[in-house]
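Engineer: With full-length UniProt numbering, letter number 505 in the sequence shown gets 505, and the count goes up by one each step, no holes.
We put the CB at the ideal spot given by N, CA and C, even for glycine.
My questions all concern the structure below.
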Amino acid sequence: MENKKIIRLFKLAAELMELHDENPFKVRSYVNGAATLELVEEPLAGMSQATLESIQGVGKGIAAKIIEINEAGSFAELDQMLAATPPGVVEMLRIKGIGPKKVRTIWKELGTETVEELLEACEQDKLSKLKGFGAKTQENIKQALLFTQQNRGKLLYAEAEPAAEELLQTIKQALPDAKVEVVGDVRRRMEIVESLQFVVATDNYTDACEKLSKIDVLEQDVRNSGPRVWRGNYSLNGLTVEIRLVDDACFANEVVLRSASEAHLTQVFAAGKCMLNVLREENHKTEEDVYNAAGMAFIVPELREGTNELQLAMDNKLPKLLELSDLKGILHNHSTYSDGAHTLEQMATFCRDMGYQYLGISDHSKTASYAGGLREGDVLRQQKEIDELNQKLAPFKIFKGIESDILTDGSLDYEEDILKTFDFIVASVHSVLNMDEKKATQRLITAIENPYTTMLGHPTGRLLLRREGYPINHKMVIDACAANNVIIEINANPWRLDLDWRHVQYALEKGVMLSINPDAHHTSGYDDMKYGVLVGRKGGLTKEMTFNAKPVEEVEAYFNKRKAGI
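Written out as C-alpha cells, the structure is:
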C-alpha cells in the first residue's frame, strides 16, 4: 500500500478516536505517528517491524499497525471504531468546517446519522440551536453539504486517470483482438471526471459484451445497456462506465466523436460545415485523417472544447503546447519553516535531483499562524540558510520567496523592509473566503497593484469537489495582472488546478505569463507538476508564455530587474 494511503488510515483513526471521546494522549499518538510517516520517503510497504521501529518517532505500536495494514489493508483498532460508527457519521468528518467534536455533538445530541439527515436538520434550523454552532456555522455546513451532494459520483482527474488506464488494460486483456481507446472526460483531461468511457472495435458484439460482463471490477447496468453499448459501474471507485462497441471501420470516427465537447462537434467552421458533418460523411482510418478531411491541422483531444481551436487549425496556427519537459524550475513550495514535511535542503536537493535548475521556496507568511507562518525573524533566518545552501548546491539555485497572505483590504502582511528582502512574492488569499464578487475582485486587484507582488497564487482559492472558490471577475483580475506585469499561477495541486483552464486563453491574449506551481508541501508534491501542465495545455499554453520554462539565468534576471524597478 502507498505511504499516503497508510497515513490516511492513521489520520482517520485519530479522527474517530476524537469522535468517540477517547483518551487525548492516545489521539495525539496517532496524529504524531501520521506526521512522522509523512517525512518518510521510502515505501513503508516493504519494511520489516524492526526497520519501521528504527524510524525516529515510530514506536512499536505504530510499526505493528503498519505491518497489519500492509497485510490486511487496515488494522483491528480502526476496524472496531468503524464498526461502531454509522457510515454517514464517518462521511460527516469530511465536511469542510466541522471537526470530530462538532460531528460528535451532531450525532449524539441530534441523533443525526447520515449527511441527508444533517442537511434536513440545517434546513429545519435545528443545528443552530446546538451549543457551539449558531446560524452562520449552520449555513456554512448547509452550503458544504449541497456542494458535496452535487459532486457525488465524480473524481478528480488525478484519481480518475490511473483508474481509466488500469481498466483500459483490463479490457484489453478480456478482448485481446479488439482495438480499445479511452475517451470522454479523461481523454479531454477534464479537471473533474464524471464517467470512464471507452470505445472498442470488434466484429462480435455479443461475445464482447459477455466478456465485459465477466470482468470482476465491472458491475453491469443491464437495463441501460444495449447490443452496442455496455453500461455499468467500476466497483473500485464507483464511477459510471460506458463502453461503446463499433465496427473496426468506424473506430477512429467514434473516438473523435467521444473525445470532444458538443461545442467542438457542432461549431460551424466552413461553408455550413461542422465536425459532426465530417464524421457522418465517411469513415476514416485515424483521428488525424478525420481532421485532414475537414481541411485542418490535427487537434489534440485536450483542445477539443469549441473555443478557438477549429479556426486556428483551419489557419494552421495551432500553438505548440507546453510539455512537462519544458519546465526548468519549480516555484511555490513549502518547507518545515512553515507547514511543509521536509527541510529546505531536502526540498532543494530532491528538486535538483529531478533535473530542475532552481527551486522557489515560498513558505506561509506570518498571518497564516495555523500553518506555522514565518515571523520576521524566521524570514531572515531562512534567507541566511538559503545563502549557505546556494553556495553548497551551486549551480542549482534557491530563490527566496514567500506566500504572502492577501489581507481583507488587499494589502500584504509584511512591512516594506521585509518585502524587499525576497526575490519573489506569491500573493494568495487564505482567509475570509465569503466576500461577494465585487469585494473579492477588488481585494485581488489591490494586491496585484502592490509593486512587491510578483505572482498571484491560486486566484479563486477553490478546492475541487470540496469547496467552491470565492467569486471573482476573471477578466478584471487578468487585466490588472497585465497592467502590473504580475505572473498568474496555475496551481498544479489536483484539488486546486487554479487558474482554471477556461481563463488561460484570455490571460495569453493579454500577454500575462503563467507559472506552473505545485504548491508542494512534500517532495512528492513535485509530481503534481504534470497536472498543472495539462491545465495549461487545455488553455493553449506554450513554453514561451510559461514563466518557469525559463532557464535559471533568465528567472534571476527577471526578479532582479523587477525589484530594481520598485
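1) DSSP three-state label for Gly401, please.
2) Following a CB-centred definition, is Gly184 positioned closer than 7 Å to any heavy atom of the ligand FMN?
3) Would you kindly work out how many angstroms separate the C-alpha atoms of Leu412 and Thr367, rounded to a whole number?
4) Just to confirm before moving on: does the CB-CB distance between Glu163 and Leu196 stay below 8 Å?
5) At which residue ranges does the segment 454-517 contain complete beta strand (DSSP E) runs of 3 or more residues, listed in the order of the chain?
6) Quick one, which of Arg94, Asn308, Glu288 has its alpha-carbon nearest Ala263's?
7) Using 8 Å as the threshold, is the segment 472-486 in touch with the segment 520-528, meaning 3 or more CB pairs across them?
8) What residue range does the beta strand (DSSP E) around Ile98 cover?
9) Identify the continuous alpha helix (DSSP H) that holds Gly33 and give its terminal residues.
10) Which partner residues does Arg244 have in the DSSP bridge list?
11) Report the three-state DSSP secondary structure of Ala557 (helix, strand or coil).
12) Is the Cβ-Cβ distance between Ala121 and Leu175 less than 8 Å?
13) Using only CA atoms, which one of Leu322, Thr343, Glu254 lies nearest to residue 583?
14) Gln383 to Ala45, Cα distance in whole Å?
15) According to DSSP, is Ser524 helix, strand or coil?
16) Closest to Leu218 by C-alpha separation, out of Leu239, Leu499, Leu245, Ile448, would be which residue?
17) Whose C-alpha, out of Pro395, Lys317, Phe424, is nearest the C-alpha of Ser362?
18) Roughly how many angstroms lie between the CA atoms of Gly184 and Ala260, to the nearest whole one?
19) Considering only the alpha carbon of each residue, which of Leu321, Asn23, Leu534, Cys250 lies closest to Ala286?
20) Check for me: the alpha helix (DSSP H) holding Glu262 runs from which residue to which?
21) Going by beta carbon distance, what residues of the same chain come within less than 6 Å of Leu321, once the five residues before and after it are set aside?
22) Using the three-state DSSP reduction, which class does Lys328 fall into: helix, strand or coil?
23) Closer than 8 Å is the cut-off here; do at least three beta carbon pairs connect the segment 105-122 with the segment 54-73?
24) Since Pro149 is in the alpha helix (DSSP H), which residue starts that stretch and which ends it?
25) Can you name, in chain order, every residue of its own chain whose Cβ lies under 6 Å from the Cβ of Lys172, other than the five neighbours on each side?
26) Checking 8 Å against the spacing of the C-beta atoms, do Arg467 and Phe147 come in under that value?
27) In this structure, how does DSSP classify Val89 when only helix, strand and coil are distinguished?
28) Tell me Ala13's beta-bridge partners as DSSP assigns them.
29) DSSP three-state call for Gln442: helix, strand or coil?
30) Assuming Lys550 contacts Lys328 (C-beta within less than 8 Å), just tell me the rounded distance between them.
31) In its own chain, which residues sit with a C-beta less than 7 Å from the C-beta of Asn70, not counting the 5 before and 5 after it?
32) Ignoring anything shorter than 3 residues or poking outside the segment 310-385, list the beta strand (DSSP E) runs there in chain order.
33) Roughly how far, in whole angstroms, is the beta-carbon of Gly372 from the beta-carbon of Ser338, given that I think they are within contact range, below 8 Å?
34) For Ser74, which of helix, strand or coil comes out of DSSP?
35) How about the segment 150-163 and the segment 234-248: do they share at least three Cβ pairs that are nearer than 8 Å?
36) Taking C-beta to C-beta, are Arg189 and Tyr157 nearer than 8 Å?
Structural biologist: Checking against the coordinates, here is how it stands:
1) strand
2) Looking at this structure, you won't find the ligand FMN or any other ligand, since it has none at all.
3) 9 Å
4) Contrary to the premise, residue 163 reads as Ala rather than Glu in this sequence. The answer is yes: Cβ separation under 8 Å.
5) Here the runs fully enclosed are 487-491, 514-517.
6) Per the Cα distances, Asn308.
7) no
8) No beta strand (DSSP E) contains Ile98, which DSSP labels as neither H nor E.
9) Note, Gly33: alpha helix (DSSP H), 24-37.
10) Val199, Val229
11) helix
12) no
13) This structure leaves residue 583 out entirely; the chain is present only between 1 and 566.
14) 37 Å
15) helix
16) When each option's Cα is compared against that of Leu218, the closest is Leu239.
17) Phe424
18) Approximately 7 Å between the Cα atoms of the pair.
19) Per the sequence shown, residue 286 should be read as Thr rather than Ala. The shortest Cα separation from Thr286 among Leu321, Asn23, Leu534, Cys250 belongs to Cys250.
20) Element bounds for Glu262: 262-266.
21) Arg537
22) coil
23) no
24) The residue you asked about is not Pro; residue 149 is Gln in the sequence shown. From DSSP, the alpha helix (DSSP H) with Gln149 extends over 135-150.
25) The answer, listed in chain order, is Val180.
26) yes
27) Helix, per DSSP.
28) DSSP, once it has assigned bridges, lists no residue as partnering Ala13.
29) helix
30) With 8 Å as the limit, Lys550 and Lys328 qualify as a contact, their Cβ atoms being about 6 Å apart.
31) Met1, Ala45
32) Listed in chain order, they are 329-333, 358-361.
33) 4 Å
34) coil
35) yes
36) yes
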